[in-house]
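*Asks:* Questions regarding the structure given below will be posed in turn.
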Amino acid sequence: MSLETDIALLRQVPTFDILNGEALRILAISSEQKVLAEGDVLFKAGDDADCAYVLASGLLHFIREKEGVEPELLHALEPVALIGETSLILANKRPATAVAAAPCVLMRLSRSTFVRTLEGFPDVAQRMRKMFAARLEATLGALGTVAARLESEGLGPRRR
């Protein structure tokens, strides 16, 4: 992919729509292209996550594997999707195995480059922090609603 194509792809990712043109350019220049054939594994559950991927084309399946049991399809992703968003700011483990269900082209974005980019653009980092805080607040609110519903149905944690 060309640099302009990579920048255009990054612009389509909601997480990156707050980045300015120069920050997107830096990410695009430092990205790596990864091509997968159908059946190739991008990563396995439990692998260290030091990067995120943008799915440019193809179809990616996320599966849960248990010994002695057929793999379970958890989710299917189509372009344009950001995979491993939290890996851009936090060291963590991959929660599922990602397998190409069709030939895929991905853009690999390393955490170290992403963090350095944010350090170089404090205004962008501040906007991104606010975005992540709002998402976390929404997620916690949704979890609170689910917990209240479970408790009202007698399915919540048992009290002593």
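Counting in full-length UniProt numbering, the sequence shown runs from 1 upward without gaps. Ideal Cβ positions, reconstructed from N, Cα and C, are used throughout, including at glycine.
Identify, in the order they occur along the chain, each residue of the same chain with its Cβ nearer than 6 Å to the Cβ of V41, setting aside the five sequence neighbours on each side.
*Replies:* V99
*Asks:* If you follow the beta strand (DSSP E) that S57 is in, where does it begin and where does it stop?
*Replies:* 51–57
*Asks:* How about A101 and L60: do their beta carbons lie closer than 8 Å?
*Replies:* yes
*Asks:* Beta-carbon separation of L19 and V54 under 8 Å?
*Replies:* Cβ distance not < 8 Å, so L19 and V54 don't count as in contact.
*Asks:* Determine the direct distance from the alpha carbon of V69 to that of R129, and round the result to whole angstroms.
*Replies:* 40 Å
*Asks:* Specify, as a first and last residue, the run of the alpha helix (DSSP H) that K66 falls within.
*Replies:* Careful: K66 lies outside any alpha helix (DSSP H), inside the beta strand (DSSP E) at 60–66.
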